[in-house]
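**Student:**
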Amino acid sequence: MFCAISGNPPKSPVFSPASGSIFDRSLIENYIQLNGVDPVSQKPLSVDDLLPVNTSAGIATKPPDTLSIPSLLDSLAKEYDANALETFSLRKQLQE
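Residues in the sequence shown are numbered consecutively from 30, following this note's numbering.
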């Protein structure tokens, strides 16, 4: 299962009934706030329309400290997600 925006496995997967696609919750919520539509189908979509996808629970980890390597990796992952969202939006605009 991969996010339709980033192409990576989602940390918190959600299903969009507008397109039938799976997204990472944080990415699709940011996209909806900016555009108000599903990124794949361009149909109107709100955050309330998203359905959580139940997956098997992974191993719970401790929250990272602010100066730890896991915290750094998390901040880099957030930056990557933002870049993936921008790249997806630019690709969509080029196709139009």
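Just so you know, even glycine gets a beta-carbon here, dropped at the ideal spot from N, CA and C.
1) Could you tell me which of Pro42, Lys121, Leu114 sits nearest to Ile34, measuring between CA atoms?
2) Near Pro39, which residues of its chain fall below 6 Å by C-beta distance, leaving aside the five closest residues on each side in sequence?
3) If you compare alpha carbons, which of Asp78, Ile51, Gly36 is closest to Thr84?
4) Between Asp67 and Leu56, is the Cβ-Cβ spacing less than 8 Å?
5) Please go through the same chain and pick out, in chain order, the residues whose beta-carbon is closer than 8 Å to the beta-carbon of Asn78, but skip the five residues on each side of it.
6) Taking only runs that begin and end inside the region 50-92, name each unbroken beta strand (DSSP E) of 3 or more residues, in chain order.
7) Compare the Cα-Cα distances from Ala111 to each of Pro42, Asn37, Asn59 and report the closest residue.
**Tutor:** Inspection of the coordinates gives the following:
1) Checking every option, the nearest Cα to that of Ile34 belongs to Leu114.
2) Cys32, Asp53, listed in sequence order.
3) The shortest Cα separation from Thr84 among Asp78, Ile51, Gly36 belongs to Ile51.
4) Not in contact: Asp67 and Leu56 (Cβ atoms no closer than 8 Å).
5) Checking the sequence, you will find Asp at residue 78 rather than Asn. So the list reads Ser45, Pro46, Ala47, once near-sequence residues are dropped.
6) Listed in chain order, they are 50-53.
7) In terms of CA proximity to Ala111, Asn59 leads the group Pro42, Asn37, Asn59.
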